[in-house]
Amino acid sequence: MKKKLQYFLLLLLGLIVVITAIVKELWVLNKEKKQNDSVVITDVKKKNFKSELLENIVDSFKDLSNKEELKLDNFSLVKYDNKTYFKIEIPELKNSTYLIHYEGINVATLHANILEVNEKNMPIFQKAISILIQVSDKSIKREEALQILSELLTSLNKNKSSVQIKYINGLVYTIEVKDDKSILFTVK
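Throughout the sequence shown, residue numbering follows this note's numbering, covering 138 to 325 in sequence.
Structure follows, in C-alpha cells:
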C-alpha cells in the first residue's frame, strides 16, 4: 500500500509540473500575441490635403497667405449643385476665390477661381496659385509650386484651354481657361 501511495504522489507531482509548464507557456504565448496585436504607428506624416480636416486646410490657407502677404477675406460655407464648399475670397484679385470642396469631414478637391489675369496682377495670381499648391501638399515649397504652375501655363495654347498633370505626389493639378477668360485651377 505504501508503494501505491508513493507511486500516486509521484504521478500527482509529475502532473502538477506538466500543468504548470503548460500554463506558463500559454501565458507567455498570450503575452506575445497581445504585443503583436497592438499596431504601433510611428512617423506618420500628413502631407496631402486629402488626409486633413477642413479646419486644418483653412488654417493652412491663412498661415501661407499671411506668410506670402496675400489678403484673404469673407470665409463662408456655400452650397452649389448639391455640393458643399468652403469659400475664401481673394480681394487682391477681383471676384476671385478659393473653394474647398468637402464631403462629410473629408476634403475632396481644392479650387482657385480667378476672374481676370493680366500683366498687372500676374504676380498676385502666381502667389495665389502657389499658396493653393502648397496647401495641397505640405512638402511642396514656394519654388516648386511655381514650377508646377509654370509647367501648366506653358502647356496651354489657343487649341488647348485645359491642361492637367499628375504630379509625383499622386495629386492631379488642372488649369482651365473658361470662355469668359477666367481661370479655374483645381487640385484633386
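Ideal Cβ placement from N, Cα and C applies to all residues, glycine included.
Going by the DSSP bridge assignment, what does residue i pair with across the sheet?
i: glutamate 226; result: Asp210 and Thr234
i: tyrosine 304; result: BP columns for tyrosine 304 are empty, so no partner.
i: valine 309; result: Lys303
i: lysine 216; result: Thr221
i: asparagine 294; result: Lys297
On the criterion of 16 or more Cβ atoms from any shown chain inside 10 Å, does residue i qualify as buried, or is it exposed?
i: glutamate 240; result: exposed
i: phenylalanine 198; result: buried
i: valine 176; result: Because the pLDDT of valine 176 is 43, which lies under 50, any placement of that residue in the model is unreliable, and the question is left without a value.
i: lysine 264; result: buried
i: leucine 163; result: exposed
i: isoleucine 251; result: buried
i: isoleucine 277; result: buried
i: leucine 269; result: buried
i: leucine 166; result: exposed
Measuring straight from C-alpha to C-alpha, what distance separates residue i and residue j?
i: isoleucine 194; j: alanine 249; result: 14 Å
i: leucine 190; j: lysine 295; result: 38 Å
i: proline 260; j: aspartate 218; result: 32 Å
i: lysine 297; j: threonine 234; result: 24 Å
i: glycine 307; j: asparagine 255; result: 31 Å
i: valine 314; j: leucine 290; result: 10 Å
i: asparagine 173; j: lysine 275; result: Unreliable placement is indicated for asparagine 173, whose pLDDT of 49 sits below 50; the coordinate value is still reported in the next sentence. When rounded, the distance between both Cα atoms is 33 Å.
i: glutamate 192; j: serine 292; result: 34 Å
i: glutamate 253; j: isoleucine 312; result: 14 Å
With distances taken between CB atoms, is the gap from residue i to residue j smaller than 9 Å?
i: lysine 208; j: proline 228; result: yes
i: isoleucine 302; j: alanine 282; result: no
i: phenylalanine 262; j: leucine 230; result: yes
i: lysine 224; j: isoleucine 237; result: yes
Comparing alpha-carbon positions, which option in the options lies nearest residue i?
i: glutamate 288; options: Tyr304, Lys275 and Lys264; result: Tyr304
i: valine 300; options: Asn306, Leu286 and Phe186; result: Leu286
i: lysine 204; options: Leu290, Thr311, Lys315 and Val272; result: Val272
i: valine 244; options: Thr323, Met138 and Glu206; result: Thr323
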